[in-house]
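I have placed the structure first, in the form of structure tokens, so that the comments after it can refer back to it.
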Amino acid sequence: IETHRHWGVFLARNRFDAIQLLTRNWTANSNSSTQFHTNSDDYGEQRIISDFRGKRCEFRSWSPFQSKLAAGIMGGVRNLHLRGGCKVLYLGAGFGRTVSHIADIIGESGLVYAVEQGPWAERQLAGLAVRRPNVVPVIEDATMPYKYRQQVPAGVDLIFCDLPQVDQVRSLMLNARHFLAFGGHFVTFVRVKGSGQEMIAAESERLRQNHLEPLEHYFLEPYKPGYALVVGVCTRKDVTS
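The working numbering numbers the first residue of the sequence shown as 196 and each following residue consecutively.
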């Protein structure tokens, strides 16, 4: 097991030198009273038990073919601004696969608020929150952040936005205004066609108009063809300062 340059992410190499992305399953390794490790939890991903820095640890495989964020890491994104203890808002959490790995990365001292609309996600996210107490399910429409302003505190460090393209920039902007700390960061996933450069340029300009400055972008081929990952920072000024 090797440490990746991204905080809380690890690598394993098999005998053919193929690279496997991992996160450390802190619920299985915790010495606290909140141990929820079972052999059947989460999403059926491969588990690896290994000695790491003098401790017996469990790691979870993170497939870039099943997670756009993992695809971005494998694609070379430089800085996700994701650290232990971060407060994260994830828009478009789906069934929570990527959220579960973010929960591993930020650890017990962090929190990830997983926003997904519809009862189809409620049971899965609620079960994930039982196994990972640092996950907070928010079963609401991510395009209407005023509906969950009592559930998500202001001042989150990072917003992930994985919504249908028509809602993406507007929803990111509204949620950033409600919840993102001044100077906080965002990661959004953009649907692209062809080379994608023109679409990225247009999307970047829309983001800038809403005080969201793109810092870097990466196309997610071959893992997630037709998508790009954009990392940026909130440039909105604190009018009270």
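We put the CB at the ideal spot given by N, CA and C, even for glycine.
First and last residue of the uninterrupted beta strand (DSSP E) at residue i
i: D246; result: 242-247
i: D282; result: Note that residue 282 is Lys in the sequence shown, not Asp. Looking at the DSSP string, the run of the beta strand (DSSP E) that includes K282 is 282-286.
i: G427; result: 422-429
i: A207; result: 204-208
i: P332; result: 330-333
i: F414; result: 407-414
i: R219; result: 214-219
Cβ pair residue i, residue j closer than 8 Å
i: V425; j: H406; result: no
i: T222; j: F205; result: no
i: I301; j: C281; result: yes
i: S262; j: E240; result: no
i: P259; j: Y418; result: yes
i: I297; j: E317; result: no
i: L353; j: V283; result: yes
i: A337; j: S366; result: yes
i: G279; j: S295; result: no
Between the CA atoms of residue j and residue i - distance to the nearest angstrom
i: F374; j: I244; result: 37 Å
i: V272; j: E398; result: 18 Å
i: G249; j: G291; result: 31 Å
i: V325; j: D299; result: 14 Å
i: C252; j: L277; result: 21 Å
i: I196; j: N274; result: 21 Å
i: W315; j: K342; result: 19 Å
i: T293; j: S390; result: 26 Å
i: V330; j: R401; result: 30 Å
i: R403; j: A213; result: 39 Å
i: P409; j: F254; result: 32 Å
i: V270; j: Y238; result: At residue 270 the sequence reads Gly, which differs from the Val that was named. Cα-Cα distance, rounded: 23 Å.
i: N199; j: R242; result: In the sequence as presented, Asn is not what sits at residue 199; that position holds His. Cα to Cα, the separation comes out at about 18 Å.
Host alpha helix (DSSP H) of residue i (start-end)
i: A447; result: Because the chain spans 196 through 436 in this model, residue 447 falls outside it and cannot be assessed.
Distance cut-off 7 Å: residue i Cβ against heavy atoms of the ligand FAD
i: L369; result: As for the ligand FAD, it is missing from this structure, which has no ligand bound.
(request) List in chain order: all unbroken beta strand (DSSP E) runs of 3+ residues lying wholly within the region 254-323. (result) 282-286, 306-310
* **Sequence ranges, beta strand (DSSP E) only - wholly within the region 335-375, length at least 3** => 351-356
### Contact between the region 293-313 and the region 377-387 (3+ Cβ pairs under 8 Å)
no
For the structure I just gave you, are there three or more beta carbon pairs, one from the region 382-397 and one from the region 357-372, closer than 8 Å? yes
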